[in-house]
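> Protein chains in written order, with the UniProt record's numbering: chain D, 1 to 165; chain V, 1 to 165.
Protein chains: 2
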Amino acid sequence: MSISAKALIKIDKIDRNILEQLQQDGSLTNQELADKVGLSPSPCLRRVRALEDAGVIVRQVTILDHKKLGLSLTAIILIGMDRHTPERFAAFERQVGEYPEVQECYLITGQDADYMLKVVVPDMDHYHHFLLNRITRIQGVSGVHSSFVLRRVIDSTALPLGYLS
Amino acid sequence: MSISAKALIKIDKIDRNILEQLQQDGSLTNQELADKVGLSPSPCLRRVRALEDAGVIVRQVTILDHKKLGLSLTAIILIGMDRHTPERFAAFERQVGEYPEVQECYLITGQDADYMLKVVVPDMDHYHHFLLNRITRIQGVSGVHSSFVLRRVIDSTALPLGYLS
DNA sequence: GCGGATATTGACATAAAATGCCGATCTTCT
DNA sequence: AGAAGATCGGCATTTTATGTCAATATCCGC
Chain D
1 MSISAKALIK
11 IDKIDRNILE
21 QLQQDGSLTN
31 QELADKVGLS
41 PSPCLRRVRA
51 LEDAGVIVRQ
61 VTILDHKKLG
71 LSLTAIILIG
81 MDRHTPERFA
91 AFERQVGEYP
101 EVQECYLITG
111 QDADYMLKVV
121 VPDMDHYHHF
131 LLNRITRIQG
141 VSGVHSSFVL
151 RRVIDSTALP
161 LGYLS
Chain V
1 MSISAKALIK
11 IDKIDRNILE
21 QLQQDGSLTN
31 QELADKVGLS
41 PSPCLRRVRA
51 LEDAGVIVRQ
61 VTILDHKKLG
71 LSLTAIILIG
81 MDRHTPERFA
91 AFERQVGEYP
101 EVQECYLITG
111 QDADYMLKVV
121 VPDMDHYHHF
131 LLNRITRIQG
141 VSGVHSSFVL
151 RRVIDSTALP
161 LGYLS
């Protein structure tokens with residue numbers, strides 16, 4: 001694994017505006033976007049393509065409503081591993097990647113936990129089942145602490161662009 | 001605040017397939033999507049519109065690369081409040097909503113913490129500043145525990161659709 | 001500050017996609 | 001089986017994306 005190359009692209013005020021707009025609403029047509037940032041469609045599209053090529057724009061996704069899909073329970077799980085060996089971690093990550101219920105999984109610092117997971121399931125029964133038959137079954141998992149989301153105060157994918165330039 | 005209405009839409013196999021595809025890639029054209037799900041463009045678009053109207057499809061967003069934007073540090077912050085009053089919570093949430101660095105903020109269960117935040121900043125210096133001048137300044141914040149993301153094993157917005165039907 | 005090289009823009013023409021309409025097909029319920 | 005309703009595919013029209021090119025703006029060395 002190599003360190004990914006730094007962005008070799010200069011992001012000016014217009015680019016930043018484009019990114020801000022697309023972060024907020026990815027369904028904007030190029031023409032609408034061009035209007036918003038004060039460009040004509042041609043150069044606007046060219047900038048978007050350049051940002052895609054540079055890897056600044058990673059991809060576009062559709063956000064669904066979990067409640068409308070019967071997925072009412074979101075859990076935050078902190079997990080500790082018994083041994084901090086690369087093999088243990090690799091096995092854990094491989095296994096966790098197989099579970100579509102896991103929306104996020106981060107290796108984190110701290111003495112309390114090694115991994116933080118965000119998991120989405122229909123209800124507590126399903127969560128119980130998931131925890132017992134999926135998570136705790138993974139080799140090396142020694143400590144598990146669950147919290148449940150009572151309210152989503154902020155749930156965004158937008159990055160703060162105010163630090164640019 | 002009222003409980004939001006349940007989805008009054010029946011999601012069949014094709015709809016589920018549409019949602020699966022769009023979750024994965026929101027930049028698909030209607031024609032590409034139609035091909036993938038085995039429909040002609042007309043009914044495919046009709047279904048997408050119906051899913052939007054029903055609120056199942058919430059919105060479309062563009063995902064950016066935080067590293068390419070110089071945002072190298074992601075922190076998970078667990079926060080405890082001194083008093084569990086609606087006023088304290090409301091004030092905290094209002095304030096946190098002002099900070100673009102906060103990508104996620106959940107009110108959670110558990111004795112250790114009341115809120116879980118995901119925060120994105122350029123580096124540790126900025127994080128230090130953010131914590132001291134933003135978070136700990138908020139009235140009622142009594143305990144703060146920070147963890148830092150070492151690796152993003154899974155970072156998705158996709159919901160598990162396997163529980164449908 | 002001047003001139004040239006480079007990059008970026010806007011307009012236009014063309015290709016592709018979205019959208020609306022309609023008759024045909026498939027479902028469902030009696 | 002038969003009729004009502006829903007869903008489909010094809011087609012015409014409108015909107016959008018894309019590529020080209022000349023004009024303009026920006027940057028650089030002198």
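Just so it is clear, CB atoms sit at the ideal spot from N, CA and C, and this is done for glycine as well.
Predicted model only: the values in this text are computed from it and were never measured.
Counting contacts by CB-CB distance shorter than 9 Å, is H129 of chain D in contact with chain V?
Closer than 9 Å: no.
> Name the chain V residues that come within less than 8 Å of V56 of chain D, Cβ to Cβ?
What V56 of chain D touches in chain V: L64, D65, K68 and L69.
> Can you give me the C-alpha to C-alpha distance between I135 of chain D and D114 of chain V, rounded to a whole angstrom?
Cα to Cα, I135 of chain D sits roughly 24 Å from D114 of chain V.
> So what does A75 of chain V bridge to, in DSSP terms?
Paired residues: V:V119 and V:F148.
> Buried or exposed for T29 of chain V, please, with buried defined as at least 16 other CB atoms from any protein chain shown within 10 angstroms of its CB.
So T29 of chain V counts as exposed.
> Starting from the beta carbon of V149 of chain V, find every residue of chain D whose beta carbon is closer than 9 Å, and list them in chain order.
Result: Y106, L107, I108, T109 and M116.
> From I108 of chain V to S42 of chain D, what does the alpha carbon distance come to, in whole angstroms?
If you take the alpha carbons of I108 of chain V and S42 of chain D, they lie about 47 Å apart.
> Taking 9 Å as the CB-CB limit, is P100 of chain D close to chain V?
So yes, P100 of chain D belongs to the interface.
> Are the C-beta atoms of K6 of chain D and some chain V residue less than 9 Å apart?
With a pLDDT of only 44 at K6 of chain D, under the threshold of 50, the placement of this residue in the model should not be trusted, and no figure is reported.
> For K6 of chain V, does the three-state DSSP call read helix, strand or coil?
Confidence in K6 of chain V is poor, its pLDDT being 44 and thus under 50, which makes the residue's placement unreliable; the coordinate value appears in the next sentence. Reduced to three states, the DSSP call for K6 of chain V is coil.
> If we count the other Cβ atoms within 10 Å of its Cβ and call it buried at 16 or more, is A90 of chain V buried or exposed?
It is exposed - the Cβ of A90 of chain V has fewer than 16 other Cβ atoms within 10 Å.
> Given 8 Å as the limit, tell me if G26 of chain V has its C-beta closer than that to any heavy atom belonging to the ligand FAD.
This structure does not include the ligand FAD; it has no bound ligands of any sort.
> Taking the alpha-carbon of P86 of chain V as reference, which of V:D15, V:G140 and V:M124 has the nearest alpha-carbon?
Among V:D15, V:G140 and V:M124, the Cα nearest to that of P86 of chain V belongs to V:G140.
> What do you reckon, are the CB atoms on I77 of chain D and S146 of chain D nearer than 9 Å?
The answer is yes: Cβ separation under 9 Å.
> Since residue 170 of chain V contacts I63 of chain D with CB under 8 Å, what's their CB separation in whole angstroms?
Examination of residue 170 of chain V is not possible in this model, given that chain V is present from 1 through 165 alone.
> Which residues in the same chain as G70 of chain D place their Cβ atom closer than 8 Å to its Cβ, once the five residues preceding and following it in sequence are excluded?
P122.
> Using a threshold of 9 Å, state whether the C-beta atoms of Q23 of chain V and V56 of chain D are closer than that.
Going by C-beta atoms, Q23 of chain V is not nearer than 9 Å to V56 of chain D.
> Using a Cβ cut-off of 7 Å, which residues of the stretch 9-24 of chain D contact any Cβ in chain V, in chain order?
Listed in sequence order: L19, L22 and Q23.
> Determine the direct distance from the alpha carbon of K118 of chain V to that of A75 of chain V, and round the result to whole angstroms.
Distance between the alpha carbons of A75 of chain V and K118 of chain V: 6 Å.
> Would you report the Cα separation of Y106 of chain D and M81 of chain D, rounded to the nearest angstrom?
Near 13 Å, if we compare the C-alpha coordinates of M81 of chain D and Y106 of chain D.
> Go to Q24 of chain D, then tell me how far its alpha helix (DSSP H) extends in each direction, as first and last residue.
Segment K13 to Q24, the alpha helix (DSSP H) holding Q24 of chain D.
> Do A34 of chain D and L51 of chain D count as a contact pair if the criterion is CB distance below 9 Å?
Their beta carbons are not under 9 Å apart, which means L51 of chain D does not touch A34 of chain D by this criterion.
> Let me make sure I understand the geometry here. Which of D:R16, D:H66 and D:S142 has the alpha-carbon closest to that of G38 of chain D?
For the residues D:R16, D:H66 and D:S142, the minimum Cα distance to G38 of chain D belongs to D:R16.
> Please list the terminal residues of the continuous alpha helix (DSSP H) segment that includes R47 of chain V.
First-last of the alpha helix (DSSP H) with R47 of chain V: P41 to D53.
> Which chain D residues sit within Cβ distance under 9 Å of G162 of chain V?
By Cβ distance, chain D contributes P100 and E101.
> With 9 Å as the threshold, decide whether the Cβ of S146 of chain V is near any Cβ in chain D.
With 9 Å as the cut-off, S146 of chain V counts as an interface residue toward chain D.
> Mapping DSSP to helix, strand and coil, what is L159 of chain D?
Of the three classes helix, strand and coil, the one that applies to L159 of chain D here is coil, per DSSP.
> List the residues of chain V whose Cβ lies closer than 8 Å to the Cβ of T157 of chain D, in chain order.
Those within 8 Å of T157 of chain D in chain V are V61, I63, Q103 and T157.
> On a Cα-Cα basis, can you pick out the residue from D:V120, D:G162 and D:L131 that is closest to L150 of chain D?
Considering only alpha carbons, the answer is D:V120.
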